[in-house]
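Structure first, then comments.
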Amino acid sequence: VNAVGASRASLPGARSPRGAGDAGCGGAGAPRSRPCCSRQCDAGEQCAVRKGARIGKLCDCPRATSCNSFLLKCL
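All the letters of the sequence shown, read from the start, carry residue numbers 1 to 75 under UniProt numbering.
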């Protein structure tokens with residue numbers, strides 16, 4: 001640990017780097033977060049939904065396929 005890193009960590013209000021101690025799945029600190037694991041899609045099934053410029057992921061595609069961002073299906 002260098003002196004610069006130690007002084008930053010001791011500052012009041014300093015945030016820890018992402019991934020240091022949090023599981024990333026919500027937990028007690030985030031009551032309205034999305035679940036950790038989404039359901040598994042079938043090949044050819046709709047895997048995402050578009051709302052304006054944003055694309056929301058609905059499920060995970062099978063191993064040999066990926067979610068096509070134009071058709072929004074597992075191909």
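Cβ atoms here follow ideal geometry from the backbone N, Cα and C, with glycine treated the same way.
- Under the three-state reduction of DSSP output, C74 falls in the strand class.
- C67 is bridged by DSSP to C74.
- In terms of Cβ geometry, T65 and C59 do not form a close pair [threshold 7 angstroms].
- For R50 and R63, the gap between their C-alpha atoms comes out near 23 angstroms.
- Where R50 is concerned, the enclosing beta strand (DSSP E) starts and stops at 48 to 51.
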